[in-house]
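Engineer:
Protein chains: 2
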Amino acid sequence: MKHLTGKFLLSTLILLFLASQADGQKSLAEKLGYPADAKLLIVHADDIGLAQSVNDATGQAFASGGITSGSIMVPCPWFIDFAEHFKKHPDLDVGIHITLTSEWDYYKFGGVLPASEIPSLLDENGYFYATVEEVGQHADPLEAEKEIRAQIEKAIAYGITPTHLDTHMGSVLAKPELLEIYMKLGKEYNVPVFAPRMMLFAMPDEIRETVKNEYVLADNIFMLNLDGPDASWEEEYGKMIENVSPGLNVMIVHLAHDNAEMQAVAVNHPAFGATWREKDLNYVQSQAFAKALEENQIQLVTWKDIGALK
Amino acid sequence: MKHLTGKFLLSTLILLFLASQADGQKSLAEKLGYPADAKLLIVHADDIGLAQSVNDATGQAFASGGITSGSIMVPCPWFIDFAEHFKKHPDLDVGIHITLTSEWDYYKFGGVLPASEIPSLLDENGYFYATVEEVGQHADPLEAEKEIRAQIEKAIAYGITPTHLDTHMGSVLAKPELLEIYMKLGKEYNVPVFAPRMMLFAMPDEIRETVKNEYVLADNIFMLNLDGPDASWEEEYGKMIENVSPGLNVMIVHLAHDNAEMQAVAVNHPAFGATWREKDLNYVQSQAFAKALEENQIQLVTWKDIGALK
Chain A
1 MKHLTGKFLL
11 STLILLFLAS
21 QADGQKSLAE
31 KLGYPADAKL
41 LIVHADDIGL
51 AQSVNDATGQ
61 AFASGGITSG
71 SIMVPCPWFI
81 DFAEHFKKHP
91 DLDVGIHITL
101 TSEWDYYKFG
111 GVLPASEIPS
121 LLDENGYFYA
131 TVEEVGQHAD
141 PLEAEKEIRA
151 QIEKAIAYGI
161 TPTHLDTHMG
171 SVLAKPELLE
181 IYMKLGKEYN
191 VPVFAPRMML
201 FAMPDEIRET
211 VKNEYVLADN
221 IFMLNLDGPD
231 ASWEEEYGKM
241 IENVSPGLNV
251 MIVHLAHDNA
261 EMQAVAVNHP
271 AFGATWREKD
281 LNYVQSQAFA
291 KALEENQIQL
301 VTWKDIGALK
Chain B
1001 MKHLTGKFLL
1011 STLILLFLAS
1021 QADGQKSLAE
1031 KLGYPADAKL
1041 LIVHADDIGL
1051 AQSVNDATGQ
1061 AFASGGITSG
1071 SIMVPCPWFI
1081 DFAEHFKKHP
1091 DLDVGIHITL
1101 TSEWDYYKFG
1111 GVLPASEIPS
1121 LLDENGYFYA
1131 TVEEVGQHAD
1141 PLEAEKEIRA
1151 QIEKAIAYGI
1161 TPTHLDTHMG
1171 SVLAKPELLE
1181 IYMKLGKEYN
1191 VPVFAPRMML
1201 FAMPDEIRET
1211 VKNEYVLADN
1221 IFMLNLDGPD
1231 ASWEEEYGKM
1241 IENVSPGLNV
1251 MIVHLAHDNA
1261 EMQAVAVNHP
1271 AFGATWREKD
1281 LNYVQSQAFA
1291 KALEENQIQL
1301 VTWKDIGALK
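Residue numbers (our numbering), protein chains in the order written: chain A, 1 to 310; chain B, 1001 to 1310.
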């Protein structure tokens, strides 16, 4: 239970809520046309829009079938670039990577709303706070809701039809009020949302009950939780894929090329840095990954597939 | 007199105003310790902060002596990255590239002030307008002054001591009120400012007289004005350098690596695009450039040299 903060929050646990009818009859796999005990997997690329390097790598992985899904950071400099890519590839499974943090040292971003409307979300320089803890301390829920809604609306205005909501660094998990907003917006926009089960334990009873009754729990989230890029990706992911169990699994990857731009974005960050991200890109497109999926009889699915069940 | 708009405004004419005492005695060259008829040249890189590719190329050209000076776009995504570079190289001759336009198709930026404070500078999506004409049509001078001042103050807050002011795409030339603000801020911050003589003709008499009396006119501005990167850079710049005359000359270059990031920033823009900018980078670091400077007996100077005369 170490590393419960920031980027690591999502990596520890391990359960997923889906906005759909809990009809208690068929499993998710059956609803999707698979056997009841099928191992379903979404391979999900985070952080689209962060950098050109990320956009290009993610577009490449979508094209090659290395990933099934991804989500976009609307406040980031390369948002419009990927929105243009999406117009040419409108079937891509792209959700909103709700962004309330700006964690890189020398490459910062603020909200899509005017700073005057969201002062509680911004630091003294007008950028998002670097950590989820600071979001929890400072964020006014009404301002956060306005900003999150504006991110979704901006994506739609630029031509993206989001298939799901998720959250950069788990920032909507900073406090229960934000998680409530997040779930509410998932219903309002009629798309699945994504959150780890551990939040249940910190939540007021009535919210926990709502989640239990209205959201479908699914299965494991897999994400590399390493301090740097020196490990064997094949080995690390191989172990995870062997542990995929029946039901819905989500594997979160962070794709980029190991180039000058990404190196400069992630300076001082070997974890989730440029080399790390290129290893993720190479892995999802590797024969080793394809073979591991096949050997473990894993079925790839998308957020769009799941959203369509409602 | 074609191409008087946007990026091309600066390239047509050809005169430079310096904030200094017009004492009528010594020439600028003499004040700087050169013979009265010395050919002085500032080699100036625009658009620092626009992209990582631009920052890296400009840092490289500063280090190799290929340029003497440059100016930074404070509202752009890579501003902080170069501010950090500046902290390690505080002697660099860096001014403020006042930015009121956002001309690239899919890579946009707005002001450093909250959008609510500068509505007349922003389009419906909250970004700067793409053209100088739109700035002229919409910009409220009071809002423009606040934003320009905020750009200067933000650069200072991040550790940059600006040596001069200049203006991206000539946007402060969009109307006389903006030019007045620009000159006023040059005096207030006690740094030279930069503007083409042609504005004199469109200005009210009293402004024209002020400029004539209080700013020193200098000499030619050289900038490539080509539709794409197919020409011979050596030949084009070679002709310009042969025409450098006694007094102060400014050669404006646009540096970047021809890499994926810069290609994506400048998509659909062969002029001032990635290949163009890499040709500029290669040229300022070439033997051909060094030889042309030597053969034409040109003295390289900086904005800092000139600002120090006051």
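No residue lacks a Cβ here, since even glycine has one placed at the ideal position from N, Cα and C.
1) Can you find the residues in the same chain that come closer than 8 Å, C-beta to C-beta, to A/Lys-87, ignoring five residues on each side of it along the sequence?
2) Are there 16 or more other CB atoms within 10 angstroms of the CB of B/His-1168, so buried, or fewer, so exposed?
3) Please compile the residues from chain B whose C-beta is within a distance smaller than 7 Å of the C-beta of A/Ala-81.
4) Find out if the Cβ-Cβ distance for the pair B/Val-1132, B/Leu-1121 is shorter than 9 Å.
5) From the beta carbon of A/Val-112, is the nearest beta carbon of chain B less than 9 Å away?
6) Got a sec? Which residues, its chain only, sit under 6 Å from A/Gly-238 by beta carbon, not counting five neighbours each side?
7) Report all residues from its chain with a CB closer than 7 Å to the CB of B/Ala-1038; omit the five preceding and five following residues, and keep chain order.
8) For B/Pro-1077, return the contacting residues in chain A, with the cut-off set at a CB-CB distance below 7 Å.
9) Under 6 Å Cβ to Cβ from A/Glu-103, same chain only, skipping five residues before and after it: list those, please.
10) Enumerate in chain order the residues of its own chain whose CB-to-CB distance from B/Glu-1236 is below 8 Å, with the five nearest sequence positions on each side excluded.
11) Helix, strand or coil: which one does DSSP assign to B/Gly-1238?
12) Tell me, please, whether the CB atom of B/Gly-1126 is closer than 9 Å to any CB atom in chain A?
13) Does the beta-carbon of B/Gly-1033 have 16 or more other beta-carbons within 10 angstroms, so that it is buried, or is it exposed?
14) Could you tell me whether the Cβ atoms of B/Tyr-1043 and B/Ser-1064 are closer together than 9 Å?
15) Keeping to the same chain, check which residues put their C-beta closer than 8 Å to that of A/Glu-242; ignore five residues upstream and five downstream.
16) Hey, would you say A/Gly-95 sits closer than 9 Å to A/Ile-72, going by beta carbons?
17) Would DSSP call B/Gln-1299 helix, strand or coil?
18) Can you confirm whether B/Leu-1282, when its beta carbon is compared against all beta carbons of chain A, has any partner nearer than 9 Å?
19) For chain A, is any of its Cβ atoms less than 9 Å away from the one on B/His-1138?
20) So for A/Ile-42, helix, strand or coil by DSSP?
21) I'd like to know whether the C-beta of B/Asp-1056 is nearer than 9 Å to at least one C-beta of chain A.
22) Provide the residue(s) that pair with B/Tyr-1071 in DSSP beta bridges, ordered along the chain.
23) Say whether chain B places a C-beta atom closer than 9 Å to the C-beta of A/Asn-396.
24) Roughly how many angstroms lie between the CA atoms of B/His-1097 and B/Cys-1076, to the nearest whole one?
25) Can you give me, in chain order, the residues of the stretch 39-71 of chain A that have a beta carbon less than 9 Å from any beta carbon in chain B?
26) By alpha-carbon positions, which one of B/Thr-1163, B/Glu-1206, B/Arg-1277 and B/Gly-1049 ends up nearest to B/Lys-1187?
27) Kindly indicate which three-state DSSP category A/Gly-247 falls into: helix, strand or coil?
28) If we count the other Cβ atoms within 10 Å of its Cβ and call it buried at 16 or more, is B/Tyr-1229 buried or exposed?
29) For A/Glu-84 and B/Tyr-1107, I'd like the C-alpha separation in whole angstroms.
30) Against B/Ser-1120, what residues of chain A qualify as contacts under a CB-to-CB distance less than 8 Å, listed in chain order?
31) My guess is that A/Ile-148 and A/Ile-181 are in contact by the Cβ rule of under 8 Å, so how many angstroms apart are they, rounded?
32) Rounded to a whole number of angstroms, what is the C-alpha to C-alpha distance between B/Ala-1019 and B/Lys-1031?
33) For A/Tyr-129, which three-state DSSP category applies?
34) I believe A/Trp-303 touches A/Asp-93 by the beta-carbon criterion, under 8 Å. Please report the beta-carbon distance rounded to the nearest angstrom.
35) Residues of chain A with a CB under 7 Å from the CB of B/Ala-1115: which are they?
36) Measuring only the C-alpha atoms, how far is B/Ile-1152 from A/Leu-185?
Structural biologist: Well, looking at it:
1) As a first step, residue 87 of chain A must be located in the first sequence, where it is residue number 87. Excluding its 5 nearest sequence neighbours in each direction, A/Lys-87 has C-beta neighbours in its own chain below 8 Å: Gly-159, listed in chain order.
2) If you number the second sequence from 1, residue 1168 of chain B lands on position 168. By the neighbour-count definition (other C-beta atoms within 10 Å, threshold 16), B/His-1168 is a buried residue.
3) In the first sequence, the residue the question calls residue 81 of chain A occupies position 81. According to the sequence as given, residue 81 of chain A is Asp; it is not Ala. For A/Asp-81, the residues of chain B that pass the 7 Å Cβ criterion are Tyr-1106, Tyr-1107 and Ala-1264, in the order they occur in the chain.
4) Taking the first residue of the second sequence as 1, we reach residue 1132 of chain B at position 132. Taking the first residue of the second sequence as 1, we reach residue 1121 of chain B at position 121. Taking a C-beta distance under 9 Å as the contact criterion, B/Val-1132 and B/Leu-1121 do not qualify as a contact pair.
5) Residue mapping note: residue 112 of chain A aligns to position 112 of the first sequence, counting from 1. A/Val-112 has a beta carbon lying within less than 9 Å of a beta carbon in chain B.
6) Counted from its first residue, the first sequence places residue 238 of chain A at position 238. Same-chain partners within the cutoff: Ala-292.
7) The count along the second sequence starts at 1 and reaches residue 1038 of chain B at position 38. The residues are Ala-1029, Pro-1246 and Gln-1299.
8) What you label residue 1077 of chain B is simply residue 77 of the second sequence in a count that begins at 1. What B/Pro-1077 touches in chain A: Pro-77 and Tyr-107.
9) The residue given as residue 103 of chain A occupies position 103 in the first sequence. In its chain, beyond the 5 residues on either side, Ala-130 have a beta carbon closer than 6 Å to the beta carbon of A/Glu-103.
10) Here residue 1236 of chain B is taken as the residue at index 236 of the second sequence, counted from 1. Taken in chain order, the residues that qualify are Leu-1224 and Leu-1226.
11) Numbered from 1 along the second sequence, position 238 holds the residue referred to as residue 1238 of chain B. Judged by DSSP in its simplified three-state form, B/Gly-1238 adopts helix.
12) Position 126 of the second sequence, counted from the start, is the residue given in the question as residue 1126 of chain B. B/Gly-1126 has a beta carbon lying within less than 9 Å of a beta carbon in chain A.
13) Start at 1 with the first residue of the second sequence, and residue 1033 of chain B comes out as number 33. By the 16-neighbour rule on beta-carbons within 10 angstroms, B/Gly-1033 is exposed.
14) Here residue 1043 of chain B refers to the residue found at position 43 of the second sequence. Here residue 1064 of chain B refers to the residue found at position 64 of the second sequence. The question names Tyr, yet the displayed sequence has Val at residue 1043 of chain B. No, Cβ-Cβ distance for B/Val-1043 and B/Ser-1064 is not below 9 Å.
15) Start at 1 with the first residue of the first sequence, and residue 242 of chain A comes out as number 242. Excluding positions up to five away in sequence, the list reads Ala-292 and Asn-296.
16) Residue numbering aside, residue 95 of chain A sits at position 95 when the first sequence is read from its first letter. Residue numbering aside, residue 72 of chain A sits at position 72 when the first sequence is read from its first letter. Yes, Cβ-Cβ distance for A/Gly-95 and A/Ile-72 is below 9 Å.
17) Counted from its first residue, the second sequence places residue 1299 of chain B at position 299. Of the three classes helix, strand and coil, the one that applies to B/Gln-1299 here is strand, per DSSP.
18) Taking the first residue of the second sequence as 1, we reach residue 1282 of chain B at position 282. Checking the sequence, you will find Asn at residue 1282 of chain B rather than Leu. Not a single C-beta of chain A is nearer than 9 Å to the C-beta of B/Asn-1282.
19) Within the second sequence, the letter at position 138 stands for residue 1138 of chain B. No - not a single Cβ of chain A is within 9 Å of the one on B/His-1138.
20) In the first sequence, residue 42 of chain A corresponds to position 42, counting from 1. It is a strand residue.
21) Stepping through the second sequence from its first residue, residue 1056 of chain B is reached at position 56. Yes - at least one Cβ of chain A is within 9 Å of the one on B/Asp-1056.
22) Along the second sequence, read from residue 1 onward, the residue named residue 1071 of chain B stands at position 71. Looking at the sequence provided, one finds Ser at residue 1071 of chain B rather than Tyr. Beta-bridge annotation (DSSP): B/Ser-1071 is paired with B/Gly-1095.
23) What the structure shows of chain A is the stretch from 1 to 310, and residue 396 of chain A is not part of that stretch, so it cannot be assessed.
24) For the purposes of this step, residue 1097 of chain B is identified with residue 97 of the second sequence, where counting begins at 1. For the purposes of this step, residue 1076 of chain B is identified with residue 76 of the second sequence, where counting begins at 1. Spanning the two alpha carbons is a distance of roughly 11 Å.
25) Residues Ala-51, Gln-52, Ser-53, Asn-55 and Asp-56.
26) Translated into positions along the second sequence, residue 1187 of chain B becomes position 187. Measuring from the Cα of B/Lys-1187, the nearest candidate turns out to be B/Thr-1163.
27) Position 247 of the first sequence, counted from the start, is the residue given in the question as residue 247 of chain A. Strand.
28) Numbered from its first residue, the second sequence carries residue 1229 of chain B at position 229. Going by the sequence as given, residue 1229 of chain B is Pro instead of Tyr. By the 10 Å Cβ count, B/Pro-1229 comes out buried.
29) Within the first sequence, residue 84 of chain A is the residue found at index 84, counting from 1. Within the second sequence, residue 1107 of chain B is the residue found at index 107, counting from 1. Using only the alpha carbons, I get a separation of about 11 Å.
30) Mapped onto the second sequence, residue 1120 of chain B falls at position 120. Correct list: empty, because the minimum Cβ distance to chain A is about 14 Å.
31) Here residue 148 of chain A refers to the residue found at position 148 when the first sequence is read from its first residue. Here residue 181 of chain A refers to the residue found at position 181 when the first sequence is read from its first residue. A/Ile-181 and A/Ile-148 do touch by the CB rule: their CB atoms are close to 6 Å apart, below 8 Å.
32) Stepping through the second sequence from its first residue, residue 1019 of chain B is reached at position 19. Stepping through the second sequence from its first residue, residue 1031 of chain B is reached at position 31. Confidence is the limiting factor: at B/Ala-1019 the pLDDT is only 33, short of 50, which leaves the residue's position unreliable, though a coordinate-based value still follows. So the two alpha carbons sit approximately 14 Å from each other.
33) Within the first sequence, residue 129 of chain A is the residue found at index 129, counting from 1. Looking at A/Tyr-129 - three-state DSSP - the assignment turns out to be strand.
34) By 1-based counting over the first sequence, the position of residue 303 of chain A is 303. By 1-based counting over the first sequence, the position of residue 93 of chain A is 93. That pair is a contact at about 5 Å.
35) Stepping through the second sequence from its first residue, residue 1115 of chain B is reached at position 115. Those are Pro-114, listed as they occur along chain A.
36) For the purposes of this step, residue 1152 of chain B is taken as residue 152 along the second sequence, with counting starting at 1. For the purposes of this step, residue 185 of chain A is taken as residue 185 along the first sequence, with counting starting at 1. Cα to Cα, the separation comes out at about 40 Å.
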